[in-house]
Each structure stands twice: as structure tokens, then as C-alpha cells.
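Residue numbers (my numbering): 1368 to 1780. Every residue, glycine too, gets a C-beta built ideally from N, C-alpha and C.
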């Protein structure tokens, strides 16, 4: 689940940044103006309790910031309670999100901004200052909204007018190819800081946090005492071969991907897709990010049971190969079948640390999250998949007593 340049607004409708080119839809960054409707949809696994507000109870810092933003747009807000319309949106990962709008000077059009209130407890998962730096840098590189300002409990962002994808959208071949191409652009971003893999240290930190939060029975149920050795094994086995490292999103569920539908042209629909929400973004093997996207295709967070994952809907070999082929072809290349097969295989193995990552996320979230979502059952499913898939993806001549015990248990023996 489970996120930036201050005050440089020069137009009445803020700029959005996308990929386009006269001869390729994916290679060159440019600006375009957009003003279409579309609100995020709820993604149930991703919200953490925070202290919401209404227009009559806006923090003073936020009022001051909104007046400043309005002034930059040539507007003047006299009476906040009278002028502002506040609507809470759903679909954010770990924050409460609000649309705030007011009439422009003269009332010719409605201004909109997005206000993001930080959730309680999310520091367990990521560093807020790092997230803001990532947000700002990504925005400068042409990804997502601009940061309009910050206050102690949140921030104000440019309002992006686009449609959040659905679970079924991910199965559309054209949309899937576009996601793959956009993902490669994302991976190629040159972000500040060390370009070292974050995955393994993050997993170890989350194991420690999960064990701190869990009861003795929960530690036993989820075999948390075994996970440090599992992480050590995965890191050793997956680091044996050279691997491509890129700036990874790490949470490529459908609720974090938006498509601009300003025009009915299918080309423009394909062009104007971007990835949002960067809480977990960091440098990692690109195969890990691709594996994450494949795993998320088993989820439907808008169903009656959003915590249940349907592994019969995991993309088959043809779907995975098509995605990887589109990914490798997006820079104008012509990958060989051997290159496609290699990355498909690498991504499949990287589903294992993905299952551990999101299993731990579920356990920690179950202890700090207050919303109606069965985090522990979600975690249970991710760990089940890890133990089921491990002997197929990392075959070993040595008998693994945990895997053996798990398989016997699953077979009802």
C-alpha cells in the first residue's frame, strides 16, 4: 500500500506531467493542461486512521496555506467557511484525502486542490521526510502532482483529474502494455541518494516490528521466528546473478495507477497514464517491482471480501510474457525471446520476497490500523503463498521442515 516544487503556479489550471513523443508514446516528458473529472476509488487495504476535518474546523496552518495558494492563482478567500467546499475522497493508501474547492475570482471556474492528512502510525512503514523528497523529485521528473505546500499534519497537492484504474483494467492487453512501458520510464528515473537495494533491510526491519507488536501465539502462528533465515536465504539466492536495479514503485496495485481520459482518442488514453502514491518507492531489482504488479492482479479491493486474494486470477505465462515484452520494447528495443523469458523467470522468483513483504505489512497493519479490513487473513494468505511456492521456485536437495510441515497441513494430513 501500503506519496512533491512549492509555489510555482503560473496558470489557472495547474500543469500535469506525462510521457509523450511525436514518434513514440513513452519516451519524452512534456507538459499538458487537463481539466476533466474523475475521483479516486476506495482501495480498502490502504487506509490508516487519522484526525479528519470539515471546512468549519480546518487547522489554522492549512487555512493560511490555502489563502496563499488561492492568492497565487489570483483569488482571494475572505470567509473560509463560506467560500470552501470540502469533500472527503476515498482511495488513498495511508492518509485521509480531501478535495477542497472554491470559486475563482469572478466565479468563472472552480479551483481544486487535494489536501492529504497524514495517517497515524504510518512511520512504521516509511520515513515521511524521505517521502516528501521523493514526491518533489518525481514531480520535477514529470510524475504525478506538484506539491503546493505543507503543514504539520499534512500537505496540499495539485488536483489531478484522472480515473483510477480498476481490477479488470489490469487484464486489458493495451492497458497492461501501457503500464509496462510507463513502469520502465519510472525505473529509469535518476533519483537522488544511494542507488542501493532497500528490500532486504526493509524486510528485516519489518520482521523486528512485527515480532514487537505480536503476541507469542501470533509469532508462532505466522512463524515469525523463521523469517530472518528466510530473508537471508532469499537475499543469498537472488543475489547470485547480475540483476537490473531501478527506482521501483513497490506497490503497483490498480488503485495506484491513473489514466487521463480527457479525449476519446485511444492513443491519448494510452499516453496519459501515470503511476501515483510513492510511500514505498525506493531502489530495488526491477524484477521485484514487476512481480509485485503480477501479485496485485489477484486482488479486488472493491469486492465484498477485499482481503481475499484469488490466485486463480494470477496472470498466466502468456500475460506475464506480454507484459515483460512491452516493458523491454518500450525504449524502442527489440528484445529476444531469451531476454523476455529471463525477466519473466526472475519476476516469478521475486514473488517470494513480495509475499513476505506484504505478509509482514498485513501483520503490522492489523495492530495499528482501525479500519474494517481483515489484515491478519490477508497476511495469512501471503505467507501461505510463500511456503507453497518456495519449493517450486527455489528447489533445494535439503529437506525444509517448515515447508514439509506446511504442505502436510495444507493437504489435511
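Buried or exposed by the 16-neighbour rule on C-beta atoms within 10 Å, applied to residue i
i	result
residue 1575	exposed
residue 1714	buried
residue 1559	exposed
residue 1474	exposed
residue 1649	buried
residue 1451	buried
residue 1757	buried
residue 1606	exposed
residue 1417	In this prediction, residue 1417 has a pLDDT of 39, which is less than 50 and means its spatial position is unreliable; what the coordinates show is noted afterwards. So residue 1417 counts as buried.
residue 1632	Note that residue 1632 scores 21 on pLDDT, short of 50, meaning its location in the model is unreliable and no value can be drawn from it.
residue 1701	exposed
residue 1524	buried
residue 1478	buried
residue 1763	exposed
residue 1476	exposed
residue 1583	exposed
residue 1623	buried
residue 1441	exposed
Under 9 Å between C-beta atoms of residue i and residue j
i	j	result
residue 1653	residue 1699	no
residue 1550	residue 1660	yes
residue 1722	residue 1742	no
residue 1621	residue 1536	yes
residue 1519	residue 1463	no
residue 1590	residue 1731	no
residue 1717	residue 1729	no
residue 1540	residue 1527	no
residue 1544	residue 1658	no
residue 1690	residue 1598	no
residue 1682	residue 1570	no
residue 1438	residue 1516	no
residue 1448	residue 1538	no
residue 1664	residue 1542	no
residue 1673	residue 1740	yes
residue 1548	residue 1696	yes
residue 1554	residue 1619	no
residue 1453	residue 1425	yes
residue 1602	residue 1675	no
Candidates the options, of which the one nearest residue i by Cα
i	options	result
residue 1433	1483, 1463, 1617	1483
residue 1667	1680, 1711, 1455	1680
residue 1593	1435, 1750, 1761	1750
residue 1465	1669, 1455, 1472	1455
residue 1472	1443, 1449, 1447, 1480	1443
residue 1736	1580, 1711, 1671	1580
residue 1688	1440, 1697, 1710, 1585	1710
residue 1761	1609, 1600, 1623	1600
residue 1727	1578, 1470, 1755, 1469	1578
residue 1617	1445, 1446, 1656	1656
residue 1651	1445, 1470, 1556	1556
residue 1585	1734, 1431, 1430, 1759	1734
residue 1684	1671, 1706, 1705, 1712	1712
Boundaries (first-last residue) of the alpha helix (DSSP H) holding residue i
i	result
residue 1512	No alpha helix (DSSP H) contains residue 1512, which DSSP labels as neither H nor E.
residue 1756	1742–1760
residue 1525	No alpha helix (DSSP H) contains residue 1525, which is instead part of the beta strand (DSSP E) from 1521–1525.
residue 1534	Where residue 1534 is concerned, there is no enclosing alpha helix (DSSP H), given that its DSSP letter is neither H nor E.
residue 1712	1704–1716
residue 1555	Looking at the DSSP string, residue 1555 is not in any alpha helix (DSSP H), and its letter there is neither H nor E.
residue 1578	1566–1580
residue 1693	1684–1696
Residue i: first and last residue of the uninterrupted beta strand (DSSP E) it sits in
i	result
residue 1651	1649–1652
residue 1625	1624–1626
residue 1614	1612–1615
residue 1454	1452–1456
Near the ligand NAD: residue i beta-carbon under 8 Å from a heavy atom
i	result
residue 1744	Although the ligand NAD was asked about, the structure shown includes no ligands whatsoever.
(message) Between the segment 1564–1584 and the segment 1527–1535, can you find at least three pairs of beta-carbon atoms closer than 8 Å?
(response) Because the criterion of three Cβ pairs below 8 Å is not met, the segment 1527–1535 and the segment 1564–1584 do not touch.
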